[in-house]
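**Q**
In the working numbering, the protein residues as written are 1 to 442.
(1) By a C-beta neighbour count over all protein chains shown, 10 Å radius and 16 as the cutoff for buried, is residue 173 buried or exposed?
(2) To the nearest angstrom, how far is it from the Cα of residue 156 to the Cα of residue 258?
(3) Hey, would you say residue 274 sits closer than 7 Å to residue 307, going by beta carbons?
(4) How should residue 149 be labelled, buried or exposed, when 16 other C-beta atoms within 10 angstroms of its C-beta is the threshold for buried?
(5) Give, in chain order, every unbroken run of the beta strand (DSSP E) that is at least 3 residues long and sits entirely within the segment 334-363.
(6) Can at least three beta-carbon pairs, one atom from the segment 62-74 and one from the segment 27-39, be found at a separation below 8 Å?
(7) Looking at C-beta atoms only, is the number of pairs between the segment 292-307 and the segment 353-373 that lie closer than 8 Å three or more?
(8) Residues in the same chain with beta-carbon distance under 6 Å from residue 348, minus the five sequence neighbours each way, listed in chain order, please.
(9) What are the complete alpha helix (DSSP H) segments, minimum 4 residues, inside the segment 36-89?
(10) With a cut-off of 8 Å on the beta carbons, I'd call residue 195 and residue 287 a contact; round off their distance for me.
(11) Starting from the C-beta of residue 261, find all residues in its chain whose C-beta is less than 8 Å away, skip the five residues before and the five after it, and write them out in chain order.
(12) Rounded to a whole number of angstroms, what is the C-alpha to C-alpha distance between residue 113 and residue 223?
(13) In whole angstroms, what separates the C-alpha of residue 447 from that of residue 197?
(14) Starting from the Cα of residue 412, find the closest Cα among 373, 380, 331 and 10 and give me that residue.
(15) Can you tell me where the alpha helix (DSSP H) with residue 235 in it begins and where it stops?
(16) Leaving out the 5 sequence neighbours to the left and right, which residues in its chain are closer than 8 Å to residue 220 when beta-carbon positions are compared?
(17) Give me the residue from 343, 270, 90 and 427 with the minimum Cα distance to residue 417.
(18) Under a Cβ-count criterion, where at least 16 other Cβ atoms within 10 Å of its own Cβ denotes burial, should residue 425 be classed as buried or exposed?
(19) Give the range of the beta strand (DSSP E) segment to which residue 271 is assigned.
(20) State the start and end residues of the unbroken beta strand (DSSP E) segment that holds residue 411.
(21) From what residue to what residue does the alpha helix (DSSP H) around residue 250 run?
(22) Tell me whether residue 109 sits in a helix, a strand or coil according to DSSP, three-state version.
(23) What is the C-beta distance between residue 81 and residue 68, in whole angstroms, given that I count them as a contact (C-beta under 8 Å)?
(24) I'd like the span of the beta strand (DSSP E) that includes residue 292, first residue to last.
(25) How about residue 382 and residue 254: are their beta carbons less than 7 Å apart?
(26) Measure the C-alpha to C-alpha separation of residue 106 and residue 14 and round it to an integer number of angstroms.
(27) Would you report the Cα separation of residue 470 and residue 320, rounded to the nearest angstrom?
(28) Could you spell out where the alpha helix (DSSP H) holding residue 216 opens and where it closes?
(29) Which residues in the same chain have their Cβ closer than 6 Å to the Cβ of residue 188, if we skip the five residues on either side of it in sequence?
(30) Within the same chain, show all residues whose beta-carbon is closer than 6 Å to that of residue 70, passing over the 5 residues directly before and after it, in chain order.
(31) To the nearest angstrom, how far is the alpha carbon of residue 18 from that of residue 324?
(32) Does DSSP put residue 374 in a helix, a strand or coil?
(33) Should residue 298 be labelled buried (16 or more other beta-carbon atoms within 10 Å of its own) or exposed?
(34) If you drop the 5 nearest sequence neighbours on each side, which residues of the same chain put their C-beta closer than 6 Å to that of residue 49?
(35) Report the three-state DSSP secondary structure of residue 322 (helix, strand or coil).
(36) Need the endpoints of the alpha helix (DSSP H) that residue 305 sits in, please.
In structure tokens, the structure reads:
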């Protein structure tokens, strides 16, 4: 199922309204009070409507300067104010039609990831429910999110689905275990270490020494990092405090549940640690399986992208194809009800000089992460990745076997995954990852 089956393709405003009608719609929205007291939202709405009427889509920097009053030095890669205002305006438009124009034949919307106005037919009850009724395996991963169905009925259906599909799942896991990288992980006595991508949080203190708020800083990923900051800037110790607190995305736990059964059947020794507690010795003595967001790769980031055909873009929600220049941008970071979203999942695997295997299961957000875990635990899906790569991943020396990467594009609606495509795959050169060490040892 694609997103086209979830929501009708948006129309250009000129296909549904005259310019006068669009202006009247804007006035009605402003007069309703749904945009609040701030004039910024009204100005932004009128600005987007004017450009849409001319068939144009303004750039983020243009909105920052012409609507928000920023100057030409404004850096959109460091300040998300435009994206925040557009996201909030999108929600306000949804609220307007829900409260004031339920009978409207057409609605104006702001498509996710875009800075323009589009028009869609008003959804009917049948078209809203159809995508959910058509879901098969995706709904089982998100039972707790389907609040429109009776909880007891969902649990019974979930148990029935589990009983029916378990044999098929066992066969799929067995098939996956015979392929790289799992065959390399399972066919020895090296223990397995799951590294969960977590986020370290520390406290900011007030004048009385009390914690007033918690802070997440991408440059401070552990207690050691915070202590290093204190040693470099002694005055910081009076402003911040180590709370020994970390958090992990919900999708990481669900992804972990997909992978563990593969290893348990082989009797592998399994340990789990957080990225913030990972040390260098762990990387040498274990098969490493990372599960988490791309933004939480931390100590593994350099290895993952050393020989990758991808690189991180302006934010951790973007990946850039180094060769084609194509940008893969997730818009799942600002979830909104009744809107489709796009996310990405990254799978990367390569051996080290110590014969242990690195397996990276990551996503820009939960949807991409969970789909990637599901895909690499499924024999058919994992086999499809291998077939998509021109050079077979099982050829060459033991060191070069099982070194490749893949990227999935995941589509969803209302926080649920509906469809996914393999959009990129490529073999990796372990010698390039480890600075030529492997090449010299062969």
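Each residue gets a CB set at the ideal place from its N, CA and C atoms; glycine is no exception. Small disclaimer: the values here were computed from a predicted structure and weren't measured.
**A** Concretely, from the data shown:
(1) The residue you call residue 173 lines up with position 173 of the chain shown. Counting C-beta atoms within 10 angstroms of its own C-beta, residue 173 has 16 or more neighbours from the protein chains shown and is therefore classed as buried.
(2) Taking the chain shown and counting its residues from 1, the one referred to as residue 156 is at position 156. Taking the chain shown and counting its residues from 1, the one referred to as residue 258 is at position 258. Since pLDDT at residue 156 reaches only 49, below the 50 mark, its modelled position is unreliable, and the value read off the structure follows with that caveat. Cα-Cα distance, rounded: 21 Å.
(3) For the purposes of this step, residue 274 is taken as the residue at position 274 of the chain shown. For the purposes of this step, residue 307 is taken as the residue at position 307 of the chain shown. With respect to the 7 Å criterion, residue 274 and residue 307 are not classified as neighbours on the basis of their beta carbons.
(4) Here residue 149 refers to the residue found at position 149 when the chain shown is read from its first residue. Note on residue 149: pLDDT 42, under 50, position unreliable in the model; no value is reported.
(5) Runs found: 340-351 and 357-363.
(6) Judged by Cβ distances under 8 Å, the segment 62-74 makes no contact with the segment 27-39, as fewer than three pairs qualify.
(7) When C-beta atoms of the segment 292-307 are compared with those of the segment 353-373, three or more pairs fall below 8 Å, so the two segments count as touching.
(8) Counting from 1 along the chain shown, the entry for residue 348 is found at position 348. For residue 348, where only same-chain residues beyond five positions count, the Cβ hits under 6 Å are 304, 360 and 405.
(9) Here the runs fully enclosed are 39-53 and 60-66.
(10) The count along the chain shown starts at 1 and reaches residue 195 at position 195. The count along the chain shown starts at 1 and reaches residue 287 at position 287. Wrong, their Cβ atoms sit about 11 Å apart, outside the cutoff.
(11) Working through the chain shown from its first residue, we reach residue 261 at position 261. Excluding sequence neighbours, residue 261 sits near 173 and 377.
(12) Residue numbering aside, residue 113 sits at position 113 when the chain shown is read from its first letter. Residue numbering aside, residue 223 sits at position 223 when the chain shown is read from its first letter. Between residue 113 and residue 223, the C-alpha separation is close to 36 Å.
(13) Because the chain is modelled from 1 through 442, residue 447 falls outside the range shown and cannot be assessed.
(14) Stepping through the chain shown from its first residue, residue 412 is reached at position 412. The closest CA to that of residue 412, considering only 373, 380, 331 and 10, is found on 331.
(15) As a position in the chain shown, residue 235 is number 235, starting the count at 1. Where residue 235 is concerned, there is no enclosing alpha helix (DSSP H), given that its DSSP letter is neither H nor E.
(16) For this step, residue 220 is matched to residue 220 along the chain shown. Excluding residues within five positions, the ones whose Cβ falls inside 8 Å are 200, 202, 226 and 229.
(17) Counting from one through the chain shown, the residue named residue 417 turns up at place 417. Answer by Cα proximity: 343.
(18) Stepping through the chain shown from its first residue, residue 425 is reached at position 425. If you draw a 10 Å sphere on the C-beta of residue 425, you find 16 or more other C-beta atoms in it, and that means buried.
(19) Reading the chain shown from its first residue, position 271 is the one you call residue 271. Boundaries of the beta strand (DSSP E) harbouring residue 271: 270-274, taken from the DSSP string.
(20) Locating residue 411 in the chain shown gives position 411, counting from the first residue. Element bounds for residue 411: 404-413.
(21) To locate residue 250, count along the chain shown from 1; it is residue 250. Start and end: 250-264.
(22) Residue 109 sits at position 109 when you count from the first residue of the chain shown. Note: residue 109 maps to strand in three-state DSSP.
(23) For the purposes of this step, residue 81 is taken as residue 81 along the chain shown, with counting starting at 1. For the purposes of this step, residue 68 is taken as residue 68 along the chain shown, with counting starting at 1. Beta-carbon to beta-carbon, residue 81 and residue 68 are separated by about 6 Å, close enough to satisfy the 8 Å threshold.
(24) Your numbering for residue 292 matches position 292 in the chain shown. Run containing residue 292: 287-293, per the beta strand (DSSP E) assignment.
(25) Here residue 382 refers to the residue found at position 382 of the chain shown. Here residue 254 refers to the residue found at position 254 of the chain shown. Taking 7 Å as the cut-off, the beta carbon of residue 382 is found no closer than this to the beta carbon of residue 254.
(26) As a first step, residue 106 is located in the chain shown; it is residue number 106 there, counting from the start. As a first step, residue 14 is located in the chain shown; it is residue number 14 there, counting from the start. Taking the straight line from one Cα to the other gives about 12 Å.
(27) There is no way to answer for residue 470, as the model of the chain reaches only from 1 to 442.
(28) Along the chain shown, one-based indexing puts residue 216 at 216. No alpha helix (DSSP H) contains residue 216, which DSSP labels as neither H nor E.
(29) Here the question's residue 188 lines up with position 188 in the chain shown. Non-local beta-carbon contacts of residue 188 in its own chain, meaning distances under 6 Å to residues more than five positions away in sequence, are absent.
(30) Taking the chain shown and counting its residues from 1, the one referred to as residue 70 is at position 70. Once the five neighbours on either side are set aside, the close Cβ partners of residue 70 are 64.
(31) Within the chain shown, residue 18 is the residue found at index 18, counting from 1. Within the chain shown, residue 324 is the residue found at index 324, counting from 1. Between the alpha carbons of residue 18 and residue 324 lies a gap of roughly 39 Å.
(32) Counted from its first residue, the chain shown places residue 374 at position 374. It is helical.
(33) Walking along the chain shown from the start, residue 298 turns up at place 298. Taking all protein chains in view, the Cβ of residue 298 is crowded by 16 or more other Cβ atoms within 10 Å, so the residue is classified as buried.
(34) Within the chain shown, residue 49 is the residue found at index 49, counting from 1. Sequence-distant partners of residue 49 (beyond 5 residues in either direction) whose C-beta falls short of 6 Å from its own C-beta, in its chain, are 22, 26 and 117.
(35) Position 322 of the chain shown, counted from the first residue, corresponds to residue 322. Assignment of residue 322 by DSSP, reduced to helix, strand and coil, places it in the coil class.
(36) Against the chain shown, residue 305 aligns to sequence position 305. Per DSSP, the unbroken alpha helix (DSSP H) holding residue 305 starts and ends at 301-306.
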